[in-house]
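Residue 346 is where the sequence shown ends in my numbering, and the numbering goes up by one at each step.
The beta carbon of each residue, even a glycine, is placed where N, CA and C say it ideally should be.
If you're wondering where the values come from, they're calculated on a predicted model, not measured in any experiment.
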Amino acid sequence: MRLTFWPGAGGAACVLMAAVCAFPAKADVPSVPAPAPEPGSAPLVTPLHDADIDYVLTGPSGQRLHQRMRWTSALWRQRVEPEGSATVMLTDYRTHTLMVLDGTNRTATVMSAPGEGFSAPGTPASGSWRRLGQGRIAGEACTIWESADSDRHPTTFCYTDDGLMLGAVHDGKPVVEAVSVSHAPQPVEIFDPPPGYHRVDPAH
143 MRLTFWPGAG
153 GAACVLMAAV
163 CAFPAKADVP
173 SVPAPAPEPG
183 SAPLVTPLHD
193 ADIDYVLTGP
203 SGQRLHQRMR
213 WTSALWRQRV
223 EPEGSATVML
233 TDYRTHTLMV
243 LDGTNRTATV
253 MSAPGEGFSA
263 PGTPASGSWR
273 RLGQGRIAGE
283 ACTIWESADS
293 DRHPTTFCYT
303 DDGLMLGAVH
313 DGKPVVEAVS
323 VSHAPQPVEI
333 FDPPPGYHRV
343 DPAH
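Shown next as structure tokens:
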């Protein structure tokens, strides 16, 4: 799971992407390619099935923000809706692109998604992981895993066996926790811009 912050109305909007996590930094990954993780030695961090999760995010000064994340396994796409924002973020895991929808101006800004890549569904995460035990969040069982960012600060995550991130604690401070989880099928049309939006390519 990666947490990447984008500016939004009234504060920061956090994009949840189910890959190796980064809060201010990314998970500890060797500079040379490492062998693929053995099954069970690292969590699955990309959902295997459709999901609709309501998260509560806690910022550095303690502010709390709800954020809805939806995933379609048919398209390998994620939709993130920050509370109180006209911005919606659509991430395509196959093409590694991020589309930012602005509901006020009816625009769709397309760019490369942050990070080096995403783990395919069913593929264990790369990097260094340590299994700590079992947990339960929002009524769902999950496995607690520990990783470390590039400054060696410990981060623990609770992932379900089918790749849903339910909670994360960074350097001893809770940063994200699921408060509700639905496994209902997601309509694929919500993972594309609505009719009438026009595409904007960001200036380089």
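If I follow the unbroken beta strand (DSSP E) through Gln205, where does it start and stop? Position 63 of the sequence shown holds residue 205. Per DSSP, Gln205 lies in no beta strand (DSSP E) and is assigned neither H nor E.
Please report whether the beta-carbon of Gly245 lies at a distance below 8 Å from any beta-carbon of chain C. No chain C appears in the structure shown, which is made up of a single protein chain.
Assess, as a yes-or-no matter, whether the segment 253-268 is touched by the segment 235-245 under the definition of 3 or more beta carbon pairs within less than 8 Å. yes
DSSP bridge partner residues for Tyr339 (one or two, in chain order): Here residue 339 refers to the residue found at position 197 of the sequence shown. Answer is none; Tyr339 lacks a bridge partner.
Option in Gln328, Ser227, Leu207, Lys315 with minimal Cα separation from Asp244: Position 102 of the sequence shown, counting from 1, holds the residue named residue 244. The shortest Cα separation from Asp244 among Gln328, Ser227, Leu207, Lys315 belongs to Ser227.
Kindly indicate which three-state DSSP category Val187 falls into: helix, strand or coil? The residue given as residue 187 occupies position 45 in the sequence shown. Three-state result, Val187: coil.
Would you tell me roughly how many angstroms separate the C-alpha atoms of Ala345 and Leu186, rounded to the nearest one? The residue given as residue 345 occupies position 203 in the sequence shown. The residue given as residue 186 occupies position 44 in the sequence shown. Spanning the two alpha carbons is a distance of roughly 35 Å.
Inter-residue spacing [alpha-carbon to alpha-carbon] between Thr285 and Pro316: Translated into the one-based positions of the sequence shown, residue 285 becomes position 143. Translated into the one-based positions of the sequence shown, residue 316 becomes position 174. Between Thr285 and Pro316, the C-alpha separation is close to 16 Å.
Beta-ladder partner(s) of Ser324, from DSSP: Position 182 of the sequence shown, counting from 1, holds the residue named residue 324. Answer is Asp194.
Length at least 3, wholly inside the segment 222-269: the beta strand (DSSP E) runs in chain order: 229-234, 239-244, 249-254
What's the call for Arg272, buried or exposed, on a 16-neighbour Cβ count within 10 Å? In the sequence shown, counting from the first residue as 1, residue 272 sits at position 130. Arg272 sits exposed, since fewer than 16 C-beta atoms from the chains shown fall within 10 Å of its C-beta.
Cross-strand partners of Val311 (DSSP beta bridge): Your numbering for residue 311 matches position 169 in the sequence shown. Note: Val311 sits in a beta bridge opposite Thr298, Pro316.
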